[in-house]
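Counting from 84, one number per residue, gives the positions in the first sequence under my numbering.
Okay, structure first, notes after.
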Amino acid sequence: MLNTPHGAVQTPFFMPVGTRATVKGLRNEALEELGAEIILSNTYHLYLRPGHEAVRKLGGLHKFMSWPRAILTDSGGFQVFSLSELRKVSDEGVRFRSHLDGSEHMLTPEKAAEIQLALGSDIAMVLDECIETPAPRDKAEAAVARTTKWAGRARTYSLEQASRNGGLSQWQFGIVQGATFADLRRASAQQLLELDFPGYAVGGLAVGEPHSLTCEMTGEVTALLPRDRPRYLMGVGKPEQIADYVALGIDMMDCVLPTRAARHACLYTSEGRVLIKNARYAMDQLPPDPSCSCSVCRRYTRAYLRHLFAAGELTAAILATHHNVHFYLDLMRQIREAIEFGNLANFSSEMHARYAVGPA
RNA sequence: GGACGGGUGGGUGAGUGGCUAAAACCAGCAGACUGUAAAUCUGCCGCUCCUUGCGGGCUACGAAGGUUCGAAUCCUUCCCCGUCCA
């Protein structure tokens with residue numbers, strides 16, 4: 084259990100992604116009904132718009148977006164990776180050219196921490212350097228060294244702010260890098276451990292490498308992390324992979340997959356993936372997932388959802404997102420249950436079997 | 001009755017002698033998506049054959065003839081559609 088200022092969160096958990104202070108396609112009341120106890124939002128995007136100072140003046144991110152439960156903010160480290168053509172990385176930080184208006188911005192470890200304090204998220208991530216995979220060793224080494232230095236600066240900044248303000252109600256997590264090199268991963272973890280973060284993340288994975296390698300690298304890191312601090316594997320994963328990560332000792336995950344795939348007409352169901360735009364569903368009167376209890380599956384048919392997607396209706400994305408987020412959150416409930424019954428290994432292999440075959 | 005303009009693949013619509021089975025877009029079909037520059041992107045999209053290849057055959061740009069080595073593109077006639085004149 085993770086006890087945040089905005090409620091307890093049961094581990095292991097999955098965070099729906101709300102980059103720009105909204106989980107695309109879902110109203111917060113729907114998110115709450117679905118049982119989301121924590122969501123993820125983004126430093127870089129909120130800094131550009133509406134601006135962290137604006138959010139602070141509007142009462143902080145929770146109040147601004149009217150989300151009473153926990154929020155984790157990513158640092159912008161992933162944007163170092165995904166906006167590779169719009170930024171320049173140096174030891175000082177990352178210079179971005181805004182994808183919105185072309186303006187230049189400098190994101191440093193201190194700045195990223197400052198922004199997240201202004202946003203008032205429950206968990207803040209340090210700025211890290213996330214690189215592509217596969218990466219040459221020297222580049223991975225450099226990214227680890229820089230990530231460690233940045234983590235130290237972010238930690239210092241955070242502790243200073245804490246002592247100045249009589250403590251902070253925000254946790255700061257370090258992020259392990261190291262690409263696909265086991266020794267670099269271990270070194271990165273050990274260096275971060277010295278900074279004594281309240282939680283640790285594994286970053287820079289699931290960016291193209293095979294799942295087995297993601298697991299291997301994750302295992303290298305979780306083996307070194309303290310048992311009493313949360314471990315967060317960033318940016319994962321596919322439904323059939325989640326239980327594997329949990330088995331490796333991961334407590335927290337986030338991924339755009341359920342929400343993005345939903346907008347692209349891919350539904351995750353107990354029978355595998357359902358590409359609802361397929362012609363085969365045109366006259367299908369079954370719910371998207373017959374054994375799903377979500378409000379979409381209780382009310383609507385595959386034929387109707389397919390129609391909404393074909394017609395380009397907004398409701399298509401809304402309904403599909405609702406279902407997929409329900410699926411992921413329910414998956415986590417099942418995983419927590421499997422852990423209690425000592426049945427996680429079986430659960431994991433069942434998931435792999437199910438998604439390897441695809442829909443019936 | 002006359003004068004112009006026009007008829008192109010499921011749709012809109014480029015193309016005025018060979019590089020054109022025919023741009024582009026839409027529709028259709030299939031796929032991808034992992035700390036969100038993503039309601040995005042990719043592939044296929046006349047029929048057919050196989051040794052599945054920048055491969056072969058067939059059919060196709062209103063209809064029928066003709067010119068040409070070669071025609072969606074030029075000529076003739078006809079049929080439609082639009083605008084204007086009487």
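Here a beta-carbon is modelled for each residue, glycine too, at the ideal position from N, C-alpha and C.
- C-alpha of valine 304 to C-alpha of glutamate 136: approximately 36 Å in a straight line.
- Asparagine 407: member of the alpha helix (DSSP H) spanning 397-423, first to last residue.
- 8 Å or more divides the Cβ of alanine 400 from the Cβ of alanine 365.
- Taking C-beta atoms as the reference points, aspartate 337 and methionine 84 fail to come closer than 8 Å.
- The three-state secondary structure of histidine 89, taken from DSSP, is coil.
- The stretch 194-210 makes contact with the stretch 235-254; the number of CB pairs closer than 8 Å reaches 3 or more.
- Under the criterion of beta carbons closer than 8 Å, isoleucine 359 and arginine 385 qualify as touching, at roughly 6 Å.
- In this structure leucine 267 is in contact with alanine 223, their Cβ atoms being roughly 6 Å apart against a cut-off of 8 Å.
- With a cut-off of 8 Å on Cβ pairs, the stretch 322-336 is in contact with the stretch 92-108, counting three or more such pairs.
- In this structure, the alpha-carbon of leucine 369 lies about 10 Å from that of arginine 382.
- Burial state of glycine 185 is exposed, judged by a 10 Å Cβ sphere holding fewer than 16 other Cβ atoms.
- Two segments are said to touch when three or more pairs of C-beta atoms, one from each, lie closer than 8 Å; by this definition the stretch 241-254 does not touch the stretch 285-295.
- Cβ atoms of tryptophan 150 and asparagine 86 stay farther apart than 8 Å, at about 18 Å.
- The C-beta distance from leucine 412 to leucine 402 rounds to 16 Å, too long to fall under 8 Å, and the pair is not in contact.
- In the DSSP assignment, cysteine 338 is bridged to Pro99.
- Cβ neighbours of leucine 427 within its own chain (closer than 8 Å, five residues either side excluded): Ala326, Val329, Ala330, Ile418, Ala421.
- The C-alpha of threonine 231 lies about 38 Å from the C-alpha of cysteine 349.
- From the listed residues Gly159, Leu117, Ser378, the smallest Cα separation to alanine 195 is found for Gly159.
- Of the candidates Gly134, Val138, Leu155, the residue whose Cα lies closest to the Cα of tyrosine 315 is Leu155.
- Here arginine 312 has Phe280, Pro281, Gly282, Tyr283 as same chain residues with Cβ atoms under 8 Å from its own Cβ, once five neighbours each way along the sequence are excluded.
- Straight through space, the alpha carbons of asparagine 407 and methionine 317 are spaced by roughly 19 Å.
- In the displayed model, glutamate 187 falls within a strand according to three-state DSSP.
- Taking C-alpha positions only, glutamine 273 is separated from cysteine 213 by approximately 18 Å.
- Between arginine 437 and glutamate 299, the gap from beta carbon to beta carbon reaches 8 Å or more.
- The beta carbon of cysteine 377 sits closer than 7 Å to the beta carbons of His405, His406, His409 from its chain, once the five residues preceding and following it are set aside; these are given in chain order.
- Methionine 208 carries a strand assignment under DSSP once its states are collapsed to helix, strand and coil.
- According to DSSP, threonine 231 shares a beta bridge with no other residue.
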